[in-house]
Amino acid sequence: MEDDAPVIYGLEFQARALTAQTAETDAIRFLVGTQSLKFDNQIHIIDFDDENNIINKNVLLHQAGEIWHIGASPADKAVLTTCYNKTSNSRVVSCAAVWRMPTDWETASHESPDDTAHNPQTLELLCHLDDSAHGNAACVLWEPMGDGKRVISLADNHALLWDLQESSTQATVSSTATLEGKGQLKFNAGKWSPHHNCSQLATANDTVIRGWDLRTMSQIYCIENAHGQLVRDLDFNPNRQYYMASCGDDCKVKFWDVRNVQEPVKTLEEHSHWLVNCKGGGRSEELR
Amino acid sequence: QLNCRQPSRPGIGPREEEGSGRYRRRRVHGMLKLYYGLNEEGKAEEEQESLDPCDINGPHFDPEHYLNKLRRECSLAELMDQETCMVKQIRSLDSDMQTLVYENYNKFISATDTIRKMKNDFKKMEDEMDCLSANMAAITEFSACISGTLQDQHAQITKLSGVHTLLRKLQFLFELPARLNKCLELQAYAQAVNSHRRARCVLRQYSHLPSFKGIQDDCHAIMDKLAQELRQKFRDGGSSAKDLAQCVELLLQLDEPAEELCDKFLSHARSRLESDLQGLEAEIRPYPSAPAVKDFIDRGCNEFVSSLCLVIASYQELFINHAQMANGKLHAFVDDLAARYFSLVERRIQEEKGVGDNSLLVRALDRFHRRLQAVAKLLPGSPVPNKGIEIVIRAATERVKQYLAALQSFYMDSLTDVRQALATPRDAPTSLPELLSSLSASILNQIKSVLASVHLFTAKDITFSNKPYFKGEFCSQGVRESLVVNFIKFVCQSSRQFCESAGDKGGSTPPVLLLLLSRLCLDYETSTISYILTLTDEQFLVQHHSPVTPVTTLCEEAREAAQKLLNHYVKVQGLIISQMLRKSVETRDWVNTIEPRNVRAVMKRVVEDTTSIDVQVGLLYEEGVRKAHSSDSSKRTFSVYSSSRQQARYAASYTPSAPMDTNLLSNIHKLFSERIDIFSSVEFNKVSVMTGIIKISLKTFLECVRLRTFGRYGLQQIQVDCHYLQMYLWRFVSDENLVHFLLDEIVCSSAHRCLDPAPMEQSVIEVICERG
């Protein structure tokens, strides 16, 4: 890809949510969720053909509201979660839900490509991940490399571990963890660690990064003042179990060794404004 | 009477000669007078008296004249009287003359008699002389005769006295054992050895005679004993160095093997010197209780070094005949002990950590070095003095390091003080320039005092200061590089650390301090560094043989630090305001807000804070340049509600058929407008700093707005807020279009995120804002 011209894909609406579909092993596929207050929102399925350096897209309607976060099931490539804003009675509520893509979206788009833009298919709702007691959902995390049965949703100051049953049509809260402290605490972001048998979760609220043990739902480490300002995102290194990257409003990317959280392992200060996303990979890529 | 007066007359004078011939006789008199050396002086008055030719007793008497005179002047009677008188006088004169002639005659007669008598006496005397010479001849003969007889006896006496001497010697020999024993008893070893030495040759020469042999054996036995005793004494080691030297001298005279003695002497000296060293070692104690370093060095010099010198001197004196062998041993000995001494000294010097008074240490080192010169003189070619100077150099280097550390801690302490001064609430901002100048001055003073302290090492009266190290490398590498340059680097570095660590820990560094430090670094760049370095170079007359850090490098570093600090200051201040804005946007329900009546309090707070930052920065930095203001800077309106183009854009957004056109125009507009680099570097002036802070704040505001959903009144509130910001913020920045652009962007974004975008009337906004 480096040799070729960059491939640019334009969306009609503004979008903030993007994920790679890890369950799809044959193609390089991304899911993008759009944000529009006035129109039906969409989920764009983008296939990147790296041999020909071209992009194929499909659009599914997501009528529930504008999408703030999207997550693809690691087991079933047709299943995904979204966090979306629903506006009703001049109130904005953040919700989370598990969706299934219509089975024939691929064929439909191939047969009649002209129609898709005008008459896109709609996602099928599997279940809501809402618990009115727990407030607005910020994001939903799939168990990495799991069987697509467990998700965590972060809602205000709660982390909820859900078990999905009946092919994801039923969700029950199996355990919760609550952030306690002064003022209105609220999770900004979180990541489910792929290491240690997927028993660890890292969350960010304000300038603090916390690690949680999912078996006991208790805190295992806490990085106070990880960033000078709000922490926007964090991620684990998929290859090295103790390493974590974080980014935030102070325009820095920091790398942490969770065994010693007093000082960051490394700090990058290359960006000129907020860092909203960061992704741990063999090499890191950050999105502004 | 005439006769008597004649000899006293001055007979010669040219006048008399020229006069009549009667005076010839007087001239003869004059000759005689001349012969007898009579003086003519003093007779002048007589001469004058007698000038009258009528004076009958005068020398110029003229009878004719006199007669004429008398005839003319006197009566007959008088003449007659005169004549009678004259005859009378002549008669008396004649009788006088007769008497004189008679007397003279008598004298001649008696003289003749005397001469005759003398003739007879001489004759008699000649006879007696003959007799005397005959007697003398006889005496001489006798004397010769006596000498001849005495000759034999004299030879005999000489022989006898020779025998006497020999006998005395023999007696000495025979008495020798006894005497030696006695000496031994009295411990007068020197005398014993002396006696024995005198007798030794003789004894050896005549050892074939049994009697002498006996004496020799006795002597040997005694001397062996003596030697034994000497050795014992030597071994015991109780005696002083002088005694010891004497011992060795005696033993050498007794033909002891020199090498063995060398070893013994040295080993003995070693034990004593080691005890000195142990004494010294005991003095090395933990810092507070230990005696001053100078006392320590003094003790070392007075005890160890002087003993060592004494040992060397006496050793060299004793073994001067065995120089080759002895010197090697001595060198090894001295090197070994000196090494131990040095290690002690070095340990002690390392204990010296207080940097209060450098002169004590320098003087101690000077003493140390000076005393080693004595060793150098005694033992040319010894490595000891060089090692000594190495120690001095190490101590100096160590000292420089300590001073650097002291300077650094002083700097950190002053920063803490400044921080405290800043933390105390009372009118901190007004005293900011004073704080800066006092900080700068106190650092400079400290540097100067440290330089003065270090300068002691190169003072003229210090012996080691003329060593090449202290003239060259110490000044350039030691003082300039590792002290001054390192300190400046440290200042820059620590400043940079403030930028790196402080931000994460929730702003543990007050932003004002960052600003202050940034100005400090900038001042360093512009003047202080070159001043300090010039000062150093002048004070130490540095001649750079090795490359040194140029002023420009340091200046660059300082400038870099200043830049970094200022950038960081901008960032911290920007983030503080950002935080405020972010909280205010995030915590509000923008959908169900009421119609705006006021500017939100947080906006007023933002403006207040910005103003106070502006004041703060203005205290330390110059104004800077800004682009020309337009006449209505505070009255700009935002494109969202003013320009017809934007109105069209909103119209378009209501038509569902073309959803993608919503932002097209504004996106295209954005592409052509200048990209704003939010966290970019700022310049060293107030306007640039303020621009940076405001850019960061507004950008945050924008990003926050983009994360929210707004109702109609929410949008209107944002409009009001933005207008308010526009009214007050434009004056702080270099290019007001920037503020305008960002605020425009905020309003646009909130319009975009609005469920019911119905903008407020511009006039209403203005009224609200002006109301406060």
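Each protein sequence line maps, in turn, to chains C and A.
This note's numbering applies: residue 1 is where the first sequence begins, and numbers increase by one.
This note's numbering applies: residue 1001 is where the second sequence begins, and numbers increase by one.
The C-beta atom is built at its ideal place from N, Cα and C for all residues, glycine as well.
Where the segment 74-98 of chain C meets chain A: residues whose CB sits under 8 Å from a CB there: Asn-85, Thr-87, Ser-90, Arg-91 and Val-92
Contact check, Thr-176/C vs Asn-157/C, beta carbons under 8 Å: In the first sequence, residue 176/C corresponds to position 176, counting from 1. In the first sequence, residue 157/C corresponds to position 157, counting from 1. Contact flag unset, no.
Contact with chain C by Leu-1755/A, beta-carbon distance below 8 Å: Mapped onto the second sequence, residue 1755/A falls at position 755. Interface residue, yes.
Separation of Val-261/C from Ser-1518/A, as counted between CA atoms: Here residue 1518/A refers to the residue found at position 518 when the second sequence is read from its first residue. Here residue 261/C refers to the residue found at position 261 when the first sequence is read from its first residue. Roughly 30 Å separates the two Cα atoms.
For Met-244/C, the residue or residues it bridges with in DSSP: Start at 1 with the first residue of the first sequence, and residue 244/C comes out as number 244. For Met-244/C, which the question treats as bridged, DSSP gives the partners Phe-236/C and Trp-256/C.
Limits of the unbroken beta strand (DSSP E) element including Ala-1364/A: What you label residue 1364/A is simply residue 364 of the second sequence in a count that begins at 1. Element bounds for Ala-1364/A: not the beta strand (DSSP E) but the alpha helix (DSSP H), 1358-1378.
Residue closest to Phe-1732/A, alpha-carbon to alpha-carbon, out of Glu-1623/A, Arg-1771/A and Arg-1480/A: For the purposes of this step, residue 1732/A is taken as residue 732 along the second sequence, with counting starting at 1. That would be Glu-1623/A, whose Cα lies nearest to the Cα of Phe-1732/A.
Cβ separation of Leu-1743/A and Leu-1698/A, assumed to be a contact under 8 Å, to the nearest whole Å: Here residue 1743/A refers to the residue found at position 743 when the second sequence is read from its first residue. Here residue 1698/A refers to the residue found at position 698 when the second sequence is read from its first residue. Correct: roughly 7 Å between the Cβ atoms.
Where the beta strand (DSSP E) containing Ser-1414/A begins and where it ends: For the purposes of this step, residue 1414/A is taken as residue 414 along the second sequence, with counting starting at 1. Looking at the DSSP string, Ser-1414/A is not in any beta strand (DSSP E); the run it does join, the alpha helix (DSSP H), is 1384-1423.
C-beta neighbour in chain A for Leu-37/C, strict 8 Å: Within the first sequence, the letter at position 37 stands for residue 37/C. With 8 Å as the cut-off, Leu-37/C counts as an interface residue toward chain A.
Sequence-distant residues of the same chain with beta carbon closer than 7 Å to Asp-257/C, five excluded per side: Here residue 257/C refers to the residue found at position 257 of the first sequence. Cβ neighbours of Asp-257/C beyond the five flanking positions: Tyr-242, Tyr-243 and Val-265.
For Gln-1762/A, the first and last residue of its enclosing alpha helix (DSSP H): Taking the second sequence and counting its residues from 1, the one referred to as residue 1762/A is at position 762. Segment 1762-1771, the alpha helix (DSSP H) holding Gln-1762/A.
Under the three-state DSSP convention, the category Asp-49/C falls into: The residue labelled residue 49/C in the question sits at position 49 within the first sequence. Three-state result, Asp-49/C: strand.
Proximal residues to Gly-146/C (C-beta, below 8 Å), its chain only, five neighbours per side dropped: Along the first sequence, read from residue 1 onward, the residue named residue 146/C stands at position 146. Pro-74, Ala-75 and Cys-198.
Nearest to Val-59/C (by Cα), restricted to the options Asp-47/C, Asn-53/C, Tyr-221/C and Asp-249/C: Position 59 of the first sequence, counted from the first residue, corresponds to residue 59/C. Measuring from the Cα of Val-59/C, the nearest candidate turns out to be Asp-47/C.
Distance between Val-7/C and Asn-289/C (C-alpha atoms, nearest Å): The displayed coordinates of chain C run from 1 to 288. Any statement about residue 289/C would go beyond what the structure contains.
Residue range of the beta strand (DSSP E) that includes Asn-1194/A: The residue labelled residue 1194/A in the question sits at position 194 within the second sequence. Where Asn-1194/A is concerned, there is no enclosing beta strand (DSSP E), although the alpha helix (DSSP H) it sits in stretches over 1189-1205.
Given 8 Å, three or more beta-carbon pairs between the segment 1245-1261 of chain A and the segment 1274-1284 of chain A: no
Interface positions of the segment 1550-1583 of chain A facing chain C (Cβ-Cβ less than 9 Å), listed along the chain: Lys-1571, Val-1572, Leu-1575, Ser-1578, Gln-1579 and Arg-1582
N- and C-terminal bounds of the beta strand (DSSP E) containing Arg-1312/A: Against the second sequence, residue 1312/A aligns to sequence position 312. It is worth fixing the name first, because residue 1312/A is Ile in this sequence and not Arg. Premise fails: Ile-1312/A lies in the alpha helix (DSSP H), 1306-1318, not in any beta strand (DSSP E).
C-beta atoms of Pro-1550/A and Gln-1717/A nearer than 8 Å: Taking the first residue of the second sequence as position 1, residue 1550/A is located at position 550. Taking the first residue of the second sequence as position 1, residue 1717/A is located at position 717. Contact: no.
Segment limits, beta strand (DSSP E) that includes Thr-19/C: For the purposes of this step, residue 19/C is taken as residue 19 along the first sequence, with counting starting at 1. Here the beta strand (DSSP E) through Thr-19/C covers 14-20.
The segment 1377-1391 of chain A / the segment 1330-1346 of chain A touching (three or more Cβ pairs under 8 Å): yes
Closest Cα partner of Val-1418/A within the set Leu-1407/A, Leu-1404/A, Ala-1405/A and Pro-1433/A: As a first step, residue 1418/A is located in the second sequence; it is residue number 418 there, counting from the start. Looking at the Cα atoms, Pro-1433/A is the closest of the given residues.
The segment 1576-1585 of chain A in contact with the segment 1690-1706 of chain A per 3-pair CB rule at 8 Å: yes
Where Ile-1594/A falls: helix, strand or coil (DSSP): As a working note, residue 1594/A is residue 594 in the second sequence. DSSP places Ile-1594/A in coil when its eight states are reduced to three.
For Asn-225/C, three-class secondary structure by DSSP: Within the first sequence, residue 225/C is the residue found at index 225, counting from 1. Residue state, collapsed to three classes: coil.
Chain A within 8 Å of Gln-200/C, Cβ atoms only: Counting from one through the first sequence, the residue named residue 200/C turns up at place 200. No, its Cβ sits nowhere closer than 8 Å to a Cβ of chain A.
Stretch pair the segment 1524-1541 of chain A + the segment 1568-1576 of chain A: three plus CB contacts closer than 8 Å: no
Cβ of Gln-229/C within 8 Å of any chain A Cβ: Position 229 of the first sequence holds residue 229/C. With 8 Å as the cut-off, Gln-229/C counts as an interface residue toward chain A.
Under the three-state DSSP convention, the category Thr-87/C falls into: On the first sequence, residue 87/C is found 87 positions in, with the first residue counted as 1. Strand, per DSSP.
Under 8 Å (Cβ pairs) to chain C, residues found in the segment 1708-1734 of chain A: Thr-1709 and Gly-1711
Chain-ordered residues of the segment 246-259 of chain C with a beta carbon less than 9 Å from chain A: Asp-249, Asp-250, Cys-251, Lys-252 and Lys-254
Contacts of Val-1591/A in chain C (Cβ-Cβ under 9 Å): Taking the first residue of the second sequence as position 1, residue 1591/A is located at position 591. The answer, in chain order, is Thr-87, Ser-90, Arg-91 and Val-92.
Sub-8 Å separation of Val-1384/A and His-1369/A beta-carbons: Start at 1 with the first residue of the second sequence, and residue 1384/A comes out as number 384. Start at 1 with the first residue of the second sequence, and residue 1369/A comes out as number 369. No, the pair does not count as a contact, with Cβ atoms beyond the cut-off.
Residues sharing a beta bridge with Asp-213/C, DSSP: By 1-based counting over the first sequence, the position of residue 213/C is 213. DSSP, once it has assigned bridges, lists Gln-200/C and Ser-218/C as partnering Asp-213/C.
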